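S.K.: First residue of the sequence shown: 5, per our numbering; consecutive thereafter.
Even glycine gets a Cβ: it sits at the ideal position worked out from N, Cα and C.
Remember, predicted model here, so these are calculated numbers, not experimental data.
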Amino acid sequence: MFRHLAYFPAKPGCVKLFWRGYAAPQTKQTKANKGNMSIGGDSRNEIIRRSLFDAPLRQVPEPTEVELEQDRVIQMAWDLYVKEKRDAHVNQGIVKYLRMVDASNELKAISPELFEATQQKKQSLLFPPQLKPPTETPGNTIWNYTSQTRLEAQAAAAEQLKAQKRH
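1) So, residue 65 versus residue 75, is the Cβ gap smaller than 9 Å?
2) Kindly indicate the opening and closing residues of the alpha helix (DSSP H) around residue 61.
3) Could you check the C-alpha separation between residue 156 and residue 166 for me, to the nearest Å?
4) For residue 46, does the three-state DSSP call read helix, strand or coil?
5) Under three-state DSSP, which class holds residue 67?
6) By the three-class DSSP mapping on this structure, what secondary structure does residue 9 have?
7) Let me know the secondary structure DSSP gives residue 125 once reduced to three states.
8) Could you compute how far the alpha carbon of residue 87 sits from the alpha carbon of residue 101?
9) For residue 156, report the span of its alpha helix (DSSP H) as first-last.
10) From the DSSP output, in three-state form, read off residue 95 for me.
11) In whole angstroms, give me the CA-to-CA distance for residue 140 and residue 54.
12) Just verifying my parser: in three-state terms, what is the DSSP assignment at residue 4?
13) Does DSSP put residue 55 in a helix, in a strand, or in coil?
Right, dumping it as structure tokens:
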């Protein structure tokens, strides 16, 4: 019962008691289990080693010609499915682009000024300070505690106007 206890002297004349519940108890080696003991006297490691490494290799039969043909047919069907899916995605992109071109041409016919405004090049962004890549982490401002709803903001603006008229 007390073989899990370890005694360590803390100060001269004083003994500290620690409980070693984390360690497996040491087992005595007998004739029956001689040679079966592993690290720390635990035979579980030996059992695991035998079950994993000493098991006979399973003989896998060679696939027949019919099974090989089935595998080829399944692979060809999967490749066809992937190709059709990729082609559908590409076609969707082409259709979207053509619709965008049609809308742009219609805007040009209706209002050349608006069309020219949409074609203006935007001001270039300087990389580090102005262009922030999307991230999963929150920004520097965690929560705006002074935020107001639109109605509260309008009421506050009306109060400020009243205060300015009084002065």
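M.R.: Based on what the coordinates show:
1) The count along the sequence shown starts at 1 and reaches residue 65 at position 61. The count along the sequence shown starts at 1 and reaches residue 75 at position 71. No; because the gap between Cβ atoms is not below 9 Å, this pair is not in contact.
2) Position 57 of the sequence shown, counting from 1, holds the residue named residue 61. First-last for residue 61: undefined, no H or E at that position.
3) Here residue 156 is taken as the residue at index 152 of the sequence shown, counted from 1. Here residue 166 is taken as the residue at index 162 of the sequence shown, counted from 1. Looking at the two C-alpha atoms, the distance is approximately 15 Å.
4) To locate residue 46, count along the sequence shown from 1; it is residue 42. It is coil, neither helix nor strand.
5) Residue 67 sits at position 63 when you count from the first residue of the sequence shown. Coil at residue 67, not helix or strand.
6) Position 5 of the sequence shown, counting from 1, holds the residue named residue 9. The pLDDT assigned to residue 9 is 47, lower than 50, so where the model puts this residue is not dependable; a value taken from the coordinates is nonetheless given after this. DSSP places residue 9 in strand when its eight states are reduced to three.
7) Residue 125 sits at position 121 when you count from the first residue of the sequence shown. Of the three classes helix, strand and coil, the one that applies to residue 125 here is coil, per DSSP.
8) Residue numbering aside, residue 87 sits at position 83 when the sequence shown is read from its first letter. Residue numbering aside, residue 101 sits at position 97 when the sequence shown is read from its first letter. Going by the C-alpha atoms only, they are around 21 Å apart.
9) Taking the first residue of the sequence shown as 1, we reach residue 156 at position 152. Its alpha helix (DSSP H) spans residues 154–170.
10) Counting from one through the sequence shown, the residue named residue 95 turns up at place 91. It is helical.
11) Sequence index remark: in the sequence shown, residue 140 carries index 136 (1-based). Sequence index remark: in the sequence shown, residue 54 carries index 50 (1-based). Near 47 Å, if we compare the C-alpha coordinates of residue 54 and residue 140.
12) Nothing about residue 4 can be reported from this structure: the residues present for the chain run from 5 to 171 only.
13) Within the sequence shown, the letter at position 51 stands for residue 55. Helix.
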